[in-house]
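Shown next, in structure tokens, is the structure this report addresses.
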Amino acid sequence: MRFTDEREPWEARKLWLLNGAHTLLASLGRLHGNHTVSDAIADADCLRAVEAYWDEACRHLPPELGLREYRLALLDRFRNPRIRHLLAQIGLDADTKMRVRIVPVAERERSAGHSADACAKVVAAWLAINGRGTDRSSVESTIADVSPVLGADAGFVEAVLASRRSVDDLTLR
10 MRFTDEREPW EARKLWLLNG AHTLLASLGR LHGNHTVSDA IADADCLRAV
60 EAYWDEACRH LPPELGLREY RLALLDRFRN PRIRHLLAQI GLDADTKMRV
110 RIVPVAERER SAGHSADACA KVVAAWLAIN GRGTDRSSVE STIADVSPVL
160 GADAGFVEAV LASRRSVDDL TLR
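Shown next, in the form of structure tokens:
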């Protein structure tokens, strides 16, 4: 157990790494035909997407939070088939979850001059699994609903559109 006066970075670590990865898997994993977190994390494409998203998130967290160890512990947890986290259940209320888990990372990435491509892939999978946003204006509008900043960011919208084309290929299988 750890006691601290600084709750915010620890809360961000949990929201962005644990919960953010769950949000990613709830969309991308289901597009791949997976039903649980353990199924999805065993999928090489989903694992790569989680690792890339975590790389982006970790750039905005203090290293003294034990990020490497936390990531490894999360992977062990995600791989445990006895912990039956259903992706469809995690995917409920996804709009709200996107606002607090993925959007803060994407906004920080873009603000720091990074592409936020991993976050864009999460958004693209979320759009695809919910049957939303296939053209530029609907993608901009849907993103703006969860983040006006990202909805107005042409570079981020373009990254989502590019990722959307690749995740749309999954739905055609």
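Numbering (the working numbering), first residue to last: 10 to 182. Glycine is no exception: its CB is placed at the ideal position from the N, C-alpha and C atoms.
Using the rule of at least 16 other Cβ atoms within 10 Å of the residue's Cβ for burial, across every protein chain shown, is residue i buried or exposed?
i, result
"Ser47", "buried"
"Ile152", "buried"
"Ala85", "For the record, residue 85 in the displayed sequence is Asp; it is not Ala. Burial call: exposed."
"Ser150", "exposed"
"Ala161", "exposed"
Quick one: what's residue i bridged to in DSSP?
i, result
"Leu70", "For Leu70, which the question treats as bridged, DSSP gives no partner whatsoever."
"Leu95", "Thr45"
Going by C-alpha distance, which of the options is nearest residue i?
i, options, result
"Gly100", "Ile152, Gly75, Ala134", "Ala134"
"Cys67", "Leu24, Pro90, Leu96", "Leu24"
Taking the straight line between their C-alpha atoms, what separation do you get for residue i and residue j?
i, j, result
"Ser124", "Glu116", "10 Å"
"Gly75", "Leu37", "27 Å"
"His94", "Asp52", "15 Å"
"Met10", "Pro18", "Here the model assigns Met10 a pLDDT of 49, short of 50, so the residue's position is not dependable, and the following value carries that caveat. Approximately 16 Å, taken between the alpha carbons."
"Thr32", "Glu167", "21 Å"
"Pro72", "Asp54", "26 Å"
"Val196", "Arg145", "A query on residue 196 cannot be resolved here, the shown segment of the chain reaching from 10 to 182 and no further."
If I measure Cβ to Cβ from residue i and keep anything under 7 Å in the same chain, skipping five residues before and after, which residues do I get?
i, result
"Phe165", "Ala115, Arg119, Ala125, Ala129, Leu159"
Starting from the C-beta of residue i, find all residues in its chain whose C-beta is less than 8 Å away, skip the five residues before and the five after it, and write them out in chain order.
i, result
"Arg88", "Ser47, Ile50, Ala51"
"Asp104", "Asp154, Val155"
"Tyr79", "Arg22, Leu26"
"Ala30", "Val59, Tyr62, Trp63, Leu83, Phe87"
"Ala41", "The displayed chain sequence assigns His, not Ala, to residue 41. Excluding positions up to five away in sequence, the list reads Ala49, Asp52, Asp54, Cys55, Leu179."
Can you name, in chain order, every residue of its own chain whose Cβ lies under 6 Å from the Cβ of residue i, other than the five neighbours on each side?
i, result
"Arg108", "Val155"
"Val132", "Val169"
"Ala97", "none"
"Gly142", "Leu136, Val148, Thr151"
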